[in-house]
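In the UniProt record's numbering, the protein residues as written are 1 to 335. Built from N, CA and C at the ideal position, the CB exists for glycine as well. All values derive from a computational prediction rather than experimental measurement. One structure is given here, and the rest of the page talks about it.
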Amino acid sequence: MARIRTIKPEFWSSEQVMECQPLTRLLFIGIWNFCDDGGNHPDSEKTIKARVFPGDEISSSSIRRMLDELSSNGLLSFYEHSGKRYLHVCGWEHQRIDKPTFKYPEFVQSLMVSSPPPVGAGTDDNQKPGPVGDSVGESSPNIRTPLDEDSSNPLLGLDLGREGKGNRKGEGEEQDQEHVHRRDAPPDDATLEPQAGANGQEQHAPAQPALADPKPKRNIKTAATDLLDGFDQFYRLYPRRQKRLNAESAWKKLKPDAALRETLLAALANHCLRPDWIKDGGQYIPLPATWLNGRCWEDEILANTEQSHHVDLDKIDHTLGLERQPDGTYRVARP
């Protein structure tokens, strides 16, 4: 799953970031999009390459060296859980996310492991990872040693930013917060994750009784219900079927449940009998989006609720107070 992240100006002036190669910085930013909301992602060179650099000829060993460079500068940490390796973006707590979701195991200091040896180490040291020629081989002078152990903040106060909203409107819309899936990304992380370590030896999870029972998943989102449920029936019954896209947007914004949908259809049937909807070929019928946005189903239909004053005229004595004349006419009776 990919998420929208934002980058604050302080990122570019961070000493830790500036000590990395330009292509390594780009990889670091790209990893943010594919981390879960805890800043974690599988430590798989092939998966990361396919997601961040899908159209570039960059080897997996180059990705490994760039990940090690980020780790050496205190920007990434590696950890292991249930026999699988993951990476964690250091300082991720600076990302402010309204409704976080978590896909990968939580990072804890006790699970930290060292970086594995690069894939194919010693076979392509002079290989350039990309068209810009940013070599991040073992002899690169820009790869720094790890930070001091007594460093309290590995990112030196670097604020990674806030989860962005893109072009979405409204705070409550989850479309939201909905994850953006890349078509060229692998469907599942596990398909590209190696089952054995780079040295050919099978990796095992550390024997820690406290971690034998993983923590339950936190705030896993359930599948969103169809926001257009019931719209087709409403639109089919509406007498003026124009501007369908606008009507769909109004329906999504309304999010009617089953009870409200029943109320809408019942009110629509009454509105179709209104005189102003029937006359002149229905040219005064509002657009469906206007009817929904204006909550017109709540309007009182006077024609159906108020009784006309001109009723029972045949029961009124129209000769009351009059005198009939010989010629059949009437005049006001004299006192």
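- DSSP places Ala269 within a helical segment (H, G or I) once states are collapsed to three.
- CA-CA distance, Gly91 to Leu75, rounds to 8 Å.
- Assignment of Pro105 by DSSP, reduced to helix, strand and coil, places it in the coil class.
- With a contact defined as Cβ atoms closer than 8 Å, Arg236 and Leu287 miss out at about 16 Å.
- Tyr86 is bridged by DSSP to Pro42 and Tyr79.
- By the Cβ-count criterion, Glu298 is exposed, with fewer than 16 other Cβ atoms from all chains shown falling within 10 Å of its own Cβ.
- Assigned with DSSP and collapsed to three states, Glu19 falls in coil, not helix or strand.
- The three-state reading of DSSP puts Tyr330 in strand, counting E and B together.
- In this structure, Asn33 lies near Ala2, with their beta-carbon atoms less than 7 Å apart.
- DSSP places Glu262 within a helical segment (H, G or I) once states are collapsed to three.
- For Leu322, the enclosing beta strand (DSSP E) starts and ends at Leu322 to Arg324.
- The continuous alpha helix (DSSP H) containing Thr290 extends over residues Pro288 to Asn293.
- Of the candidates Gln95, His88, Glu93 and Arg96, the residue whose Cα lies closest to the Cα of Gln109 is His88.
- A residue is called buried when at least 16 other Cβ atoms come within 10 angstroms of its Cβ; Met18 does not meet this threshold and is exposed.
- A direct Cα-Cα distance of roughly 18 Å separates Arg25 from Phe78.
- A straight-line Cα-Cα distance of about 53 Å links Gln242 and Ile63.
- With fewer than three CB-CB distances shorter than 8 Å, the stretch 45 to 60 does not count as touching the stretch 96 to 106.
- Beta-bridge partners of Met112 (DSSP): Tyr79.
- Judged by their CB atoms, Arg5 and Asp43 are not nearer to each other than the 7 Å cut-off.
- Secondary structure at Arg5: strand, using DSSP grouped into helix, strand and coil.
- In the DSSP annotation of this structure, the continuous segment of the alpha helix (DSSP H) that includes Pro275 starts and ends at Pro275 to Ile278.
- Secondary structure at Arg244: helix, using DSSP grouped into helix, strand and coil.
- When only Cα atoms are considered, Pro275 and Glu262 end up about 23 Å apart.
- Distance from the CA of Phe28 to the CA of Pro22, rounded to the nearest whole angstrom, comes to 10 Å.
- When DSSP states are grouped into helix, strand and coil, Ile48 belongs to the helix group.
- C-alpha of Lys103 to C-alpha of Asn293: approximately 37 Å in a straight line.
- Counted as a single uninterrupted DSSP element, the alpha helix (DSSP H) harbouring Glu69 occupies residues Ser60 to Ser72.
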